[in-house]
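Asks: The structure that follows is given in the form of structure tokens.
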Amino acid sequence: MMKFLKILCILLLITGCSRNKIVEDLKLIESLGYDLEGDKIKGSAAYSVHYDIPTEAQVKLLTAESETANGIFTRFTQQVPHPVEIGKTRTILMGESFAKESIKDLIGTLVRDPIIASNAKMAISEQDAAEVLNLTMTLPPFYLSDVIEQNITYGNTPQTNLHTALNQYFGTGQDVYLPFLIIDESEKIMVDGLGIFKGDKLAMRLQDRETFLFKIIKDKNMSGTYEFISEQKEKISLKIMYGKRKIYLKNTRQEPKVKITLDLFALIKDYPGSLDLTKKEEVDKLSTMIEKELTTKIEKLLEEFKEEQVDPMGFGDLVRSEKRDWTQDRFNDQYPNLEFEIETKMNFLGSG
1 MMKFLKILCI
11 LLLITGCSRN
21 KIVEDLKLIE
31 SLGYDLEGDK
41 IKGSAAYSVH
51 YDIPTEAQVK
61 LLTAESETAN
71 GIFTRFTQQV
81 PHPVEIGKTR
91 TILMGESFAK
101 ESIKDLIGTL
111 VRDPIIASNA
121 KMAISEQDAA
131 EVLNLTMTLP
141 PFYLSDVIEQ
151 NITYGNTPQT
161 NLHTALNQYF
171 GTGQDVYLPF
181 LIIDESEKIM
191 VDGLGIFKGD
201 KLAMRLQDRE
211 TFLFKIIKDK
221 NMSGTYEFIS
231 EQKEKISLKI
241 MYGKRKIYLK
251 NTRQEPKVKI
261 TLDLFALIKD
271 YPGSLDLTKK
281 EEVDKLSTMI
291 EKELTTKIEK
301 LLEEFKEEQV
311 DPMGFGDLVR
321 SEKRDWTQDR
331 FNDQYPNLEF
341 EIETKMNFLG
351 SG
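With the first letter of the sequence shown counted as 1, position 228 gets the number 228 in the working numbering; the numbers rise by one all the way through.
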């Protein structure tokens, strides 16, 4: 009997601590935007609304200014008759000028708030974040996060979310990278490249072709589309379906060298009419051409990272795992002289 009474008391305590929230009485923020407005931060928040009339807009926008990233939420609350909730936020967007200035304040706000989902997508926008969010007012809810997720799964964008960004920012031997969004000439929102940070500031931007090269080295999902023009000015397009990758250090007791081997499996989408892919020698010729192209471009990209002193690949973390005396400052001195050895093998699954 006493055991039953103890269980009953515990259940009553648990019930008494709960807080009921009615969805209709909340402003559920689906996307957050941050821009610079003079010496202040301009925040934007897109939230879903539900109307009986289907023709009404499904998304509304809040805007506010504050000295800090966290202060934005206080300004939002002052504008609406219902509490603002960020537990369903799926996109955190930063304007390019904001990202170049510093993301330290924003990162500090996000890491201290356990309510925001760790799988929320972070991104940078070429235009102001407010302009991008304003364009989503006529689009379905969670449109931005769906666009980013689709490009991660099927396109050239590497896997990234709030969890990976925080790990890269606070971790050692690595730098943050986030996808870039743009508004094209036809007023369409699209993913276009990758932003690379040095510490808390945006340092460089990769175009779509470079983002593909980045993805097949860094991401578990080694897929994407790659197009290039051969030395004979012939256009070739590939769809990488999957692949195998190995990255390790050589000469760990001396000056380390990074060895990268890529084994890629692809469909040939477009190729020059001068090639007859029913002949093995022609297939081997194309394979050699692509392997040389990819190896050269990857080496060039890694050299650009060294020149900019950014390490989004996490080579510093790789060296740290092999050397007990590793420090970030020591690696920063070694990084410009770090050598790479790239091996690429191309396997064709079909040609249309």
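Note that beta-carbon positions come from the ideal geometry of N, C-alpha and C, so glycine has one too.
Just so you know, these numbers come straight off a predicted model, no measurement behind them.
Which runs of the alpha helix (DSSP H) fall wholly inside the segment 26-101 and span at least 4 residues, in chain order?
Replies: 71-77 and 96-101
Asks: Would you identify the three-state DSSP class for residue 145, choosing helix, strand or coil?
Replies: helix
Asks: So for residue 301, helix, strand or coil by DSSP?
Replies: helix
Asks: Going by CA-CA distance only, name the one from 331, 338 and 288 that's closest to residue 346.
Replies: 288
Asks: Residues bridged to residue 251 by DSSP?
Replies: Residue pairing of residue 251 in beta bridges, as defined by DSSP: absent, with no partner found.
Asks: In three-state DSSP terms, what is residue 113?
Replies: coil
Asks: Find the nearest neighbour of residue 199 within the set 45, 103 and 47, judged by alpha-carbon distance.
Replies: 103
Asks: Look up residue 108 in the DSSP assignment and say whether it is helix, strand or coil.
Replies: helix
Asks: Is the CB-CB distance between residue 141 and residue 160 below 8 Å?
Replies: no
Asks: In angstroms, rounded to a whole number, what distance separates the CA positions of residue 299 and residue 42?
Replies: 40 Å
Asks: Note down, one range per segment and in chain order, each beta strand (DSSP E) of at least 3 residues found wholly within the segment 135-219.
Replies: 177-183, 189-198 and 201-206
Asks: Within the chosen definition, does the segment 182-197 reach the segment 129-143 through at least 3 CB pairs nearer than 8 Å?
Replies: Taking 8 Å as the limit for Cβ pairs, the verdict is that the segment 129-143 does touch the segment 182-197.
Asks: Report the option in 84, 343 and 80 whose CA atom is closest to the CA atom of residue 262.
Replies: 343
Asks: Specify, as a first and last residue, the run of the alpha helix (DSSP H) that residue 319 falls within.
Replies: 315-320
Asks: Hey, would you say residue 121 sits closer than 8 Å to residue 90, going by beta carbons?
Replies: In this structure, residue 90 lies closer than 8 Å to residue 121 by Cβ.
Asks: Taking the straight line between their C-alpha atoms, what separation do you get for residue 286 and residue 238?
Replies: 11 Å
Asks: Determine the burial state of residue 397: buried for a count of at least 16 other Cβ atoms within 10 Å of its Cβ, exposed for fewer.
Replies: This structure leaves residue 397 out entirely; the chain is present only between 1 and 352.
Asks: When DSSP builds the beta bridges, which residues end up paired with residue 237?
Replies: 227 and 270
Asks: Over the uninterrupted beta strand (DSSP E) stretch that includes residue 347, give me the two end residues.
Replies: 339-350
Asks: Less than 8 Å between the CB atoms is what I'm expecting for residue 96 and residue 202, so what's the real figure, rounded?
Replies: 7 Å
Asks: Consult DSSP for residue 261 and reduce its assignment to one of helix, strand or coil.
Replies: strand
Asks: So the candidates are 228, 216, 323 and 165; which of them puts its Cα closest to the Cα of residue 197?
Replies: 165
Asks: Let's test the definition: count the other Cβ atoms within 10 Å of the Cβ of residue 87 and tell me whether it reaches 16, buried, or not, exposed.
Replies: exposed
Asks: Indicate the three-state DSSP secondary structure (helix, strand or coil) for residue 330 in the structure shown.
Replies: helix
Asks: Who does residue 122 pair with in a DSSP beta bridge?
Replies: 92
Asks: Should residue 163 and residue 221 be called a contact, given that it needs their Cβ atoms to be closer than 8 Å?
Replies: No, the pair does not count as a contact, with Cβ atoms beyond the cut-off.
Asks: For the segment 302-319 against the segment 242-261, are there 3 or more C-beta pairs whose distance is under 8 Å?
Replies: As far as the Cβ criterion goes, the segment 302-319 touches the segment 242-261, which means the pair count is three or higher.
Asks: Exposed or buried, residue 30, counting other C-beta atoms within 10 Å across all chains shown (16 or more means buried)?
Replies: Buried, since its Cβ has 16 or more Cβ neighbours within 10 Å.
Asks: Please classify residue 285: does DSSP put it in a helix, a strand, or coil?
Replies: helix
Asks: Which same chain residues end up closer than 8 Å to residue 124 when comparing Cβ atoms and leaving out the 5 residues on each side of it in sequence?
Replies: 93, 94, 95, 96, 99, 178, 179, 180, 181, 195 and 202
Asks: With distances taken from CA atoms, which of 77, 149 and 170 is nearest residue 112?
Replies: 170
Asks: Using a Cβ-Cβ cutoff of less than 7 Å, which residues in the same chain neighbour residue 175 once the five nearest sequence positions on both sides are dropped?
Replies: 168, 196, 197, 198, 310, 311 and 312
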